[in-house]
Structure formats: C-alpha cells, structure tokens
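All residue numbers for the sequence shown refer to the UniProt record's numbering, where the first residue is 1 and numbers rise by one. The C-beta atom is built at its ideal place from N, Cα and C for all residues, glycine as well. For reference, the structure discussed in these notes is given below.
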Amino acid sequence: MLTIYSVPVATYCAKLRITMRHKGLAWEELPPPGGYGSAEYKAIVPSGNLPAMVDEGFMLADSEAIAEYLNEAYPDVPMLPDTVQLRAKAREKGRLHDTRLEPAVRAMYPQVAHETRNAEAVKAGGAEITKHLNALALLLRDSPLDPDTLWLCDCGFAVTFAWIRAFEQALSLPVEWSQSVLDYDARLQSFAPVIDELVHYKPAMDDYLSKAYPA
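Shown next, in the form of structure tokens:
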C-alpha cells in the first residue's frame, strides 16, 4: 500500500488523490511527522514538500513527479496518451495549471481573512485568474486530447476550479469564465474520482474559508 504524506487543505494533495482514485490504488494518508517543513519530516522527505509518497521504500515528492511515477508503476489505468506528441500536449496543459493558474489562485489565500482583506488585491487577483482561464480556453480550443478520458493534466484543474468558485462566493472574486472552460469544468465533474475527491475535500475548504466572513 502507498503511504502519502499530506495535509487536509493542500491543493496538490487533492490533485494527487484524484489520480490515485482514478487508478484504483489503495493508500494510507499521514500528516508530515513533526509538521510541514519540520526537521523530523525532512529526515523522510528532504525537500519537506507535500505531497510525498513512499512506495515499498521508494520515496518521491512533488505531485506531478508522483503522478507520472504512478502512471508508469501502475499502468492498468493509463492517464497519459500513447504517443509522444499527445503526451507532450498533456504535459503542456498540466504546466499551464501548475505554473500559471494555480499560483494565481493561491495568491488569493492571504485575502481570505475578512478583517485584513484588500479589495484592490482581490480585484487584481480576479483579473490575473481570468487571464489564465482565457489562456486555457485557447488551449482547449485546439486540444487533440480525448475529452472523454481523465488525464493526469486534468486532475489539478478540477481542484483549482473548485477554489475559484469558492473564492467567487467568499471573497466576491471577480472572474470571467469562457463557455469552453465552463464546459471543461462540467466535464471534469462528471468523472467519479473527481466527484468523490471534491466531496472528501470540501470540509477542509469550508474550514479554511470560515475566516472569510465577519465574526
């Protein structure tokens, strides 16, 4: 059985769980010993990053590295296409999430607390997120990936979209969604592993967002 180190609210841990759910893997989930970034945890995971995985003594950190490893180590449910070019397009899409959209959404976390929220920062953040959603719309328009398959590159978007919608409600985050991105979000939410993970993840999101409202 896989051992996964995570904390409840971590976006990339939720992303990894979608992958494991889709591949039908069993795992034990543990908090980092001593806490995130602690010396005790770094004795196991030198980077101190989350999530991290131990598979029969083999340790690996970083959600994308873990996902690619699991795709090769447990190939019964493939989550990357079968040609070099299609795999490259899947990785291109995943990088848009990991290096552009998700960091823009994560930049909103400091604005969650109602007492210290900066309305201008929220407005600017909404514009930045909209910019990356528009870039995703262009990528979706020309995507050669089978839309009826859940790929590795889809898993992060499912979680990040949930955060954007939560921030729209809790922070009045101004975001514009193109129809193609709305359709993509709806398609992702039709996959059982995504549905199951978002149900599992919602209590952690709700707990984090509890400080978004006046006391």
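Is it right to say residue i is buried, meaning 16 or more other beta carbons lie within 10 angstroms of its own, or is it exposed?
i	result
A73	exposed
T11	buried
M1	exposed
Q179	exposed
R141	exposed
Q111	buried
Under three-state DSSP, which class holds residue i?
i	result
W27	strand
T160	helix
M1	coil
A10	coil
A113	coil
F191	coil
Name the residue from the options whose alpha carbon lies nearest to the alpha carbon of residue i.
i	options	result
T19	I44, V7, N71	N71
D207	T3, D98, A166	A166
A107	K123, A26, T149	K123
E28	A90, S6, I44	S6
L173	V199, S190, G126	G126
Y213	A162, T116, T160	T116
W163	D76, L198, R87	L198
A186	A170, L150, D76	L150
E64	A137, R91, V181	R91
Considering only residues of the same chain and omitting the five flanking positions on each side of residue i, which have a CB-CB separation below 7 Å?
i	result
Y69	L60
I66	L16, P51, M53, L60
V194	I18, A158, L188
Less than 8 Å between C-beta atoms, sequence neighbours within five positions excluded: which residues of the same chain meet that for residue i?
i	result
R100	H132, A135
To the nearest angstrom, how far is the alpha carbon of residue i from that of residue j?
i	j	result
K93	E128	18 Å
S47	A14	19 Å
P147	V175	24 Å
A104	E56	36 Å
T3	A192	22 Å
R95	A39	30 Å
Y109	R21	27 Å
Y184	L80	18 Å
Y201	L152	19 Å
L25	V77	10 Å
E120	L171	12 Å
Q169	D62	30 Å
Among the residues of its own chain, which have a CB less than 6 Å from the CB of residue i, if the five just before and after it don't count?
i	result
A113	K211
P97	The sequence as given places His at residue 97; Pro does not occur at that position. Only G156, F157 meet the Cβ criterion.
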